[in-house]
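In this note's numbering, the protein residues as written are 361 to 720.
Quick look at the structure:
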């Protein structure tokens, strides 16, 4: 059977109405531009004849009811279906789980076999194509929020996929399932963006021949592939941080095979900031120092702070370059062990922004 459809992804919107903004001098997120940036994306998507739009979590700044209300109303005005999942910012406390789904009953949670109080669902997005929205937001016994997928949800997923009543299954989950940067699952800065227990999920996806998982959370443009489990984890950067990206994806399945063509775009200008790209890159660079100091002074480098300080100027745009995708790093002036560590963050195939994935 021939399948062909087009959809877009915009992730980590962090929608914040002006009166709800949390002002903090060290914040990374340009939430004051969240609404104009999203409006610019919607404007650019107007003429693309989309089958649907996918929003993989962190829809709001910190789960404020008025921000959820604004977004739900805006999504209801669009001419194409929209599907959402919750991110950690959307459900910052356990009691907010029950408050989330009523805002988004038109956007995935009401269709098919869903568990609205548990923030996961399945629905048909076009004939023969199913979207499964998962929930990776959990709380440990201390009440701390973690990226985790519970056994009951995994049992549900296994049951849903065992029915084999769709030609194609798409899965979305907020936390990263695969590593999107060097040593992410062991790095103190990167591991919190990953699912803490991905193994059984990966096994279920492999058994069901799921080839594509769409994630967010990391605020980075990256596509990772697992040889072992034969699927791609496609993570999309945030609209409130550099480079303010979104993706347009064309899926085709015919006699020549299955392909996913991905093109990535940036919001480069909004009325409030004519050169958003430059402004936000510098904003990120200005706030990068604590991040790179931690990388330099913690395992595996464990450099003394006075030595680490001498290296930070060359790392000013390190995170911005990772966030932009397709990064290639060279640090010829660094000590050998430091050079090797940071150059290992260079991107590996496949490409992160514009690529056609041939799905086996």
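The beta-carbon is built from N, C-alpha and C at its ideal position, and this holds for glycine as well. Note that the coordinates shown come from a computational prediction; the quantities given were computed from them, not determined experimentally.
Continuous alpha helix (DSSP H) stretch holding residue i: start and end
{"i": "residue 625", "result": "Run containing residue 625: none in the alpha helix (DSSP H); it sits in the beta strand (DSSP E), 617 to 626."}
{"i": "residue 640", "result": "636 to 646"}
{"i": "residue 401", "result": "394 to 405"}
{"i": "residue 698", "result": "696 to 703"}
{"i": "residue 511", "result": "511 to 522"}
{"i": "residue 670", "result": "665 to 671"}
{"i": "residue 486", "result": "Not the alpha helix (DSSP H): residue 486 falls in the beta strand (DSSP E), residues 481 to 486."}
{"i": "residue 453", "result": "Counting along the chain, residue 453 falls outside any alpha helix (DSSP H), and DSSP gives it neither H nor E."}
Alpha-carbon spacing of residue i relative to residue j, whole angstroms
{"i": "residue 371", "j": "residue 697", "result": "35 Å"}
{"i": "residue 629", "j": "residue 550", "result": "29 Å"}
{"i": "residue 492", "j": "residue 660", "result": "37 Å"}
{"i": "residue 666", "j": "residue 676", "result": "17 Å"}
{"i": "residue 567", "j": "residue 535", "result": "21 Å"}
{"i": "residue 380", "j": "residue 420", "result": "10 Å"}
{"i": "residue 636", "j": "residue 594", "result": "24 Å"}
{"i": "residue 406", "j": "residue 366", "result": "13 Å"}
{"i": "residue 468", "j": "residue 483", "result": "6 Å"}
{"i": "residue 525", "j": "residue 435", "result": "29 Å"}
{"i": "residue 413", "j": "residue 438", "result": "10 Å"}
{"i": "residue 634", "j": "residue 395", "result": "15 Å"}
{"i": "residue 382", "j": "residue 424", "result": "11 Å"}
{"i": "residue 542", "j": "residue 705", "result": "5 Å"}
{"i": "residue 689", "j": "residue 657", "result": "20 Å"}
{"i": "residue 588", "j": "residue 559", "result": "11 Å"}
{"i": "residue 597", "j": "residue 512", "result": "30 Å"}
{"i": "residue 539", "j": "residue 465", "result": "32 Å"}
Under the three-state DSSP convention, the category residue i falls into
{"i": "residue 613", "result": "strand"}
{"i": "residue 466", "result": "helix"}
{"i": "residue 681", "result": "helix"}
{"i": "residue 427", "result": "helix"}
{"i": "residue 438", "result": "coil"}
{"i": "residue 675", "result": "helix"}
{"i": "residue 498", "result": "strand"}
{"i": "residue 633", "result": "strand"}
{"i": "residue 460", "result": "helix"}
Counted within 10 angstroms of its Cβ, other Cβ atoms place residue i as buried (16 or more) or exposed
{"i": "residue 646", "result": "exposed"}
{"i": "residue 687", "result": "buried"}
{"i": "residue 362", "result": "exposed"}
{"i": "residue 544", "result": "buried"}
{"i": "residue 389", "result": "buried"}
{"i": "residue 730", "result": "Outside the shown range of the chain (361 to 720) lies residue 730, about which nothing can therefore be said."}
{"i": "residue 408", "result": "exposed"}
{"i": "residue 519", "result": "exposed"}
{"i": "residue 477", "result": "exposed"}
{"i": "residue 714", "result": "exposed"}
{"i": "residue 400", "result": "buried"}
{"i": "residue 721", "result": "The structure shown does not extend to residue 721, since the chain spans only 361 to 720, so no value can be given for it."}
{"i": "residue 581", "result": "buried"}
{"i": "residue 504", "result": "exposed"}
{"i": "residue 605", "result": "buried"}
{"i": "residue 494", "result": "buried"}
{"i": "residue 571", "result": "buried"}
{"i": "residue 386", "result": "exposed"}
{"i": "residue 531", "result": "buried"}
{"i": "residue 418", "result": "buried"}
Range covered by the beta strand (DSSP E) that runs through residue i
{"i": "residue 652", "result": "It is not in any beta strand (DSSP E) - residue 652 instead sits in the alpha helix (DSSP H) that spans 649 to 657."}
{"i": "residue 706", "result": "Note, residue 706: premise wrong, no beta strand (DSSP E); not H, not E."}
{"i": "residue 506", "result": "505 to 507"}
{"i": "residue 771", "result": "No answer is possible for residue 771: the residues shown for the chain start at 361 and end at 720."}
{"i": "residue 490", "result": "489 to 493"}
{"i": "residue 414", "result": "412 to 415"}
{"i": "residue 716", "result": "715 to 719"}
Residue i CB to nearest heavy atom of the ligand HEM below 7 Å
{"i": "residue 398", "result": "Ligands displayed in this structure: none; no statement on the ligand HEM is therefore possible."}
Practice problem: Could I get the ranges of all uninterrupted beta strand (DSSP E) runs contained in the segment 581 to 606, with 3 residues as the minimum, in chain order? | Solution: The segment 581 to 606 contains these whole beta strand (DSSP E) runs: 582 to 586 and 591 to 595.
Exercise. Would you mind listing the alpha helix (DSSP H) stretches within the segment 520 to 573 that are 4+ residues and don't spill past its ends, in chain order?
Key: You should have 559 to 567.
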